[in-house]
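J.:
Protein chains: 2
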Amino acid sequence: MNDPLELDRQVCFALAAASRSVIALYRPVLEPLGLTHPQYLVMLALWERSPRRVSHLGDALFLEPATLSPLLKRLEAAGLLTRTRNSDDERALDVELTDAGRALREKALAVPAQIVARLGMPVSRLEAIRDELTELIEAANAA
Amino acid sequence: MNDPLELDRQVCFALAAASRSVIALYRPVLEPLGLTHPQYLVMLALWERSPRRVSHLGDALFLEPATLSPLLKRLEAAGLLTRTRNSDDERALDVELTDAGRALREKALAVPAQIVARLGMPVSRLEAIRDELTELIEAANAA
DNA sequence: TGACACTCCTTAGTGCACTAACTATAAGCA
DNA sequence: TGCTTATAGTTAGTGCACTAAGGAGTGTCA
Chain A
118 MNDPLELDRQ VCFALAAASR SVIALYRPVL EPLGLTHPQY LVMLALWERS
168 PRRVSHLGDA LFLEPATLSP LLKRLEAAGL LTRTRNSDDE RALDVELTDA
218 GRALREKALA VPAQIVARLG MPVSRLEAIR DELTELIEAA NAA
Chain D
118 MNDPLELDRQ VCFALAAASR SVIALYRPVL EPLGLTHPQY LVMLALWERS
168 PRRVSHLGDA LFLEPATLSP LLKRLEAAGL LTRTRNSDDE RALDVELTDA
218 GRALREKALA VPAQIVARLG MPVSRLEAIR DELTELIEAA NAA
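Sequences listed follow chains A and D, in order. In my numbering, each number is its position in the first sequence, counted from 1, plus 117. In my numbering, each number is its position in the second sequence, counted from 1, plus 117.
#1: Relative to the C-alpha of D:Leu174, which candidate in D:Pro145, D:Ala194, D:Leu210 and D:Arg235 has its C-alpha closest?
#2: I want to verify the contact list: residues of chain D whose CB lies under 8 angstroms from the CB of A:Gln127, in sequence order.
#3: Once you ignore the five residues that flank D:Arg126 on each side, which residues in its own chain have a CB closer than 8 angstroms to its CB?
#4: Hey, D:Ala220 and A:Leu124 are a contact pair by Cβ (cut 8 angstroms); roughly how many whole angstroms apart?
#5: Is there a Cβ of chain A sitting closer than 8 angstroms to that of D:Pro121, yes or no?
#6: To the nearest angstrom, how far is it from the Cα of A:Leu197 to the Cα of A:Gln156?
#7: Counting only beta-carbon atoms, is A:Ser138 nearer than 8 angstroms to chain D?
#8: Using the three-state DSSP reduction, which class does A:Thr251 fall into: helix, strand or coil?
#9: Which residues does DSSP pair with A:Thr199 in a beta bridge?
#10: Could you spell out where the alpha helix (DSSP H) holding D:Leu150 opens and where it closes?
#11: For D:Asn258, which residues in chain A fall below 8 angstroms Cβ to Cβ?
#12: Once DSSP output is grouped into helix, strand and coil, what is the label at D:Arg208?
#13: So D:Arg191 is in the alpha helix (DSSP H); what residue range does that whole segment cover?
#14: Quick check on D:Arg166: does DSSP put it in helix, strand or coil?
#15: Can you tell which of D:Val171, D:Leu158, D:Asp248 and D:Ala141 has its C-alpha closest to the C-alpha of D:Arg208?
#16: Check each candidate in D:Ala133, D:Tyr143 and D:Val139 and name the one with the smallest Cα separation from A:Val139.
#17: Excluding the five sequence neighbours on either side, which residues of its own chain have a C-beta within less than 7 angstroms of the C-beta of A:Val240, listed in chain order?
#18: For the alpha helix (DSSP H) that D:Pro121 lies in, which residues bound it at each end?
Laid out in C-alpha cells, this is it:
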C-alpha cells in the first residue's frame, strides 16, 4: 500500500476529472447561448477588454495561438466578433466584439449562479479551491 | 467591480488552466515512456487491476466508451495491452496488460516524483488540493 | 540597403473528449 | 420460443489542444 502510482492519489487525475466533470455541467447551460466552454472563456476575456490581439487572449487564457486561431474563426462565423489586421502592425490580428457579442453578455450573467446551484457547494468553498488552483497554475507555468 | 463574469474569478477557468498546465509538465516526462497523459491514466488503472472491461475503465476514469475505444486501440498497437471479447458475455471487451505493459510500470514509478519536483510545491499541499478536487468531482457528478 | 533575426498568426497533423447513431449480444417476459 | 428491451462497445462527426513547420510583417544593424 501507499502505492505512488495509485490512480486516486494522483493530483493530475483529480485535475483532469474535475475539469471535465465541471465543464460537463456548463454544456447544457451554455447550449442556449450557442457557446462551447472554451468559447465562453474567450468571451469572458473579451467582455473584459475589446478589442485585443490574439496573443493577448492567449496570455490571458493560457492557450496557444494555434488553438485560438480556428476557435476565433468559429466565433466570427457566429457573428460575435470581428478579426481585423492591426494597421500599426500588420502581423497582429485585432479581435473585437460585435454588437451581438456584447449583447450576449446579458444572457451570460445568469450562467455562474446556475453552475453553483448545480454543484450544490458553498461559494466560499469554490473560491478557496479556485485560489489554490491559481497557485498551482503559477507553479506549473513557472517550472 | 465584483463582476460575476470576471475571468480570473471563475472556478471553471482555474480548473481548465490548471489541468492543462499540469498535464503539460507530464508531456516531457511521459515522452520517454511513449505515453500521452490520458494513456498514462489508463495504464495506472490497469496496473491496479488487469484484466478489466472497458466499461470498468470508463467508470474509474470518468471517460465515455467512445473516448476509450480508440485510445485502447492505440495502446494495443503499442503492444502494451490486449483487447479480447469476454467469453461469458460477448458484448464485453476484456482489456489485459501484456508483459510489456506490466514492465512499463517500473519506468513509471519515477514519474510522480519528477512532477512534484518540477512543480516545486510541498506534497502535503498537493494532497490537500487533490482531496478538494475529489469532492468537487463528486459534487459535479451527483448533479 | 540588404541580410538576419524576431514576432504574429496560420496550417497540417495527431490525439483527446463529447454526442448521436449504430451493431451485436444478452436478458426479461408474454 | 419469439418479441422487446437493455447493455457493451464501435463509428461518425464536431470541436479543443498541442507540436512543428511555414508565411508575412517588423526591427536591427553592419
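The beta carbon of each residue, even a glycine, is placed where N, CA and C say it ideally should be.
T.: Reading off the structure:
#1: D:Leu210
#2: Leu158, Leu161, Pro229 and Arg247
#3: Asp120
#4: So it is not a contact: roughly 19 angstroms between Cβ atoms.
#5: yes
#6: 11 angstroms
#7: yes
#8: helix
#9: A:Glu213
#10: Looking at the DSSP string, D:Leu150 is not in any alpha helix (DSSP H), and its letter there is neither H nor E.
#11: Ser138
#12: coil
#13: Pro182 to Ala194
#14: coil
#15: D:Val171
#16: D:Ala133
#17: Val233
#18: Taken as a continuous stretch (DSSP letters only), D:Pro121 belongs to no alpha helix (DSSP H), as it is neither H nor E.
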